[in-house]
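With my numbering applied, the sequence shown corresponds to residues 3 to 193, in that order. To start, the structure under review is shown below, and the notes come after it.
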Amino acid sequence: MENTNQAPEILEELIKKAQEINFEMGTDYLVGELLQTLVTSKPNGHFLELGTGMGLSTTWIYEGMDEQSKLVSIDNDPKLMDIVTRVFEAETRIEFITTDGGSWIRDQKGAKFDLIFADAWPGKYSDLDRTLELLNPGGFYVIDDMLPQPNWPKGHDLKVDQLMQDLKSKVGFKMTVMNWSTGVVILTKTK
Numbered sequence: 003m004e005n006t007n008q009a010p011e012i013l014e015e016l017i018k019k020a021q022e023i024n025f026e027m028g029t030d031y032l033v034g035e036l037l038q039t040l041v042t043s044k045p046n047g048h049f050l051e052l053g054t055g056m057g058l059s060t061t062w063i064y065e066g067m068d069e070q071s072k073l074v075s076i077d078n079d080p081k082l083m084d085i086v087t088r089v090f091e092a093e094t095r096i097e098f099i100t101t102d103g104g105s106w107i108r109d110q111k112g113a114k115f116d117l118i119f120a121d122a123w124p125g126k127y128s129d130l131d132r133t134l135e136l137l138n139p140g141g142f143y144v145i146d147d148m149l150p151q152p153n154w155p156k157g158h159d160l161k162v163d164q165l166m167q168d169l170k171s172k173v174g175f176k177m178t179v180m181n182w183s184t185g186v187v188i189l190t191k192t193k
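So, in structure tokens, the structure goes:
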């Protein structure tokens, strides 16, 4: 079966820039397409990306947004954020924040999101409960890289196992585990 969504035009520019600086932690196209589809299901949505990286997931999320939607994208690497913000400099629906994700999560008062893509340590392996509190009812919490990856440090599999146990124990969420792409987990907030 073929991919059905055409890759966003801006994606090639970001991939080229990632190669220029030897950035190798990109988003799988399948995960990108899934993010685009989920975002499209939330018109006038408010989205959060934890771990901007080179903006590859940002691009897919952006492609799924309608004109009234907003995206907040957070990363702690100023070099990467400088590159990505230049590519998206004319886009007013995306707010890029260069800061520690964990501190940002803990500082939120009343912010709510329709989709959170946690592609960094904060929001995934730390500050998980607080991150899940930021979801609207019916909102999606999405993580990837849950299947073994070649860039995992020694012992990371134990952290993944613990995270999966934590996610399975969450009350007020429905969980789907997909042994597909890099390993994707989606939680949907039910109340």
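The beta-carbon is built from N, C-alpha and C at its ideal position, and this holds for glycine as well. On a predicted model such as this, the values are computed, not experimentally measured, just so you know.
- Task: Report the three-state DSSP secondary structure of residue 124 (helix, strand or coil).
- Result: On the sequence shown, residue 124 is found 122 positions in, with the first residue counted as 1. Correct three-state label for residue 124: strand.
- In whole angstroms, what is the alpha-carbon distance linking residue 31 and residue 112? Within the sequence shown, residue 31 is the residue found at index 29, counting from 1. Within the sequence shown, residue 112 is the residue found at index 110, counting from 1. Near 32 Å, if we compare the C-alpha coordinates of residue 112 and residue 31.
- In the structure shown, what three-state DSSP assignment does residue 11 receive? In the sequence shown, counting from the first residue as 1, residue 11 sits at position 9. Note: residue 11 maps to helix in three-state DSSP.
- Mapping DSSP to helix, strand and coil, what is residue 107? In the sequence shown, the residue the question calls residue 107 occupies position 105. Residue 107 falls in the helix class under three-state DSSP.
- Message: Can you tell me where the alpha helix (DSSP H) holding residue 166 begins and where it ends?
- Response: Locating residue 166 in the sequence shown gives position 164, where the first residue counts as 1. It spans 158-170 - the alpha helix (DSSP H) in which residue 166 sits, taken as one unbroken run.
- Whole-angstrom distance between residue 170 and residue 92, CA atom to CA atom: The count along the sequence shown starts at 1 and reaches residue 92 at position 90. The count along the sequence shown starts at 1 and reaches residue 170 at position 168. Computed Cα separation, rounded: 40 Å.
- Query: Leaving out the 5 sequence neighbours to the left and right, which residues in its chain are closer than 6 Å to residue 80 when beta-carbon positions are compared?
  - Reply: Start at 1 with the first residue of the sequence shown, and residue 80 comes out as number 78. The residues are 100.
- Task: Rounded to whole angstroms, what's the CA-CA distance from residue 94 to residue 43? Just pull it up for me.
- Result: Residue numbering aside, residue 94 sits at position 92 when the sequence shown is read from its first letter. Residue numbering aside, residue 43 sits at position 41 when the sequence shown is read from its first letter. So the alpha carbons of these two residues sit roughly 21 Å apart.
- Task: Would you mind stating whether residue 77 and residue 104 have Cβ atoms separated by less than 9 Å?
- Result: For the purposes of this step, residue 77 is taken as the residue at position 75 of the sequence shown. For the purposes of this step, residue 104 is taken as the residue at position 102 of the sequence shown. Not in contact: residue 77 and residue 104 (Cβ atoms no closer than 9 Å).
- Anticipated Cβ contact below 8 Å, residue 139 with residue 192, distance rounded: Here residue 139 is taken as the residue at index 137 of the sequence shown, counted from 1. Here residue 192 is taken as the residue at index 190 of the sequence shown, counted from 1. About 7 Å; that satisfies the 8 Å criterion.
- Item | Own chain residues within Cβ distance below 6 Å of residue 126, not counting five before or after | Residue mapping note: residue 126 aligns to position 124 of the sequence shown, counting from 1. Excluding its 5 nearest sequence neighbours in each direction, residue 126 has C-beta neighbours in its own chain below 6 Å: 120 and 145, listed in chain order.
- Is residue 97 helix, strand or coil by DSSP? Translated into positions along the sequence shown, residue 97 becomes position 95. Correct three-state label for residue 97: strand.
- Query: Whose C-alpha, out of 109, 97 and 124, is nearest the C-alpha of residue 53?
  - Reply: Stepping through the sequence shown from its first residue, residue 53 is reached at position 51. Comparing alpha-carbon positions, the option among 109, 97 and 124 lying closest to residue 53 turns out to be 124.
- Item | For residue 75, the nearest candidate out of 45, 46, 117 and 69 (CA to CA) | By 1-based counting over the sequence shown, the position of residue 75 is 73. Taking only the C-alpha atoms, the option nearest residue 75 is 117.
- Message: For residue 172 and residue 134, which I take to be in contact (beta-carbon distance under 8 Å), what is that distance rounded to the nearest angstrom?
- Response: Taking the sequence shown and counting its residues from 1, one reaches residue 172 at position 170. Taking the sequence shown and counting its residues from 1, one reaches residue 134 at position 132. Contact flag correct, Cβ pair sits at about 7 Å.
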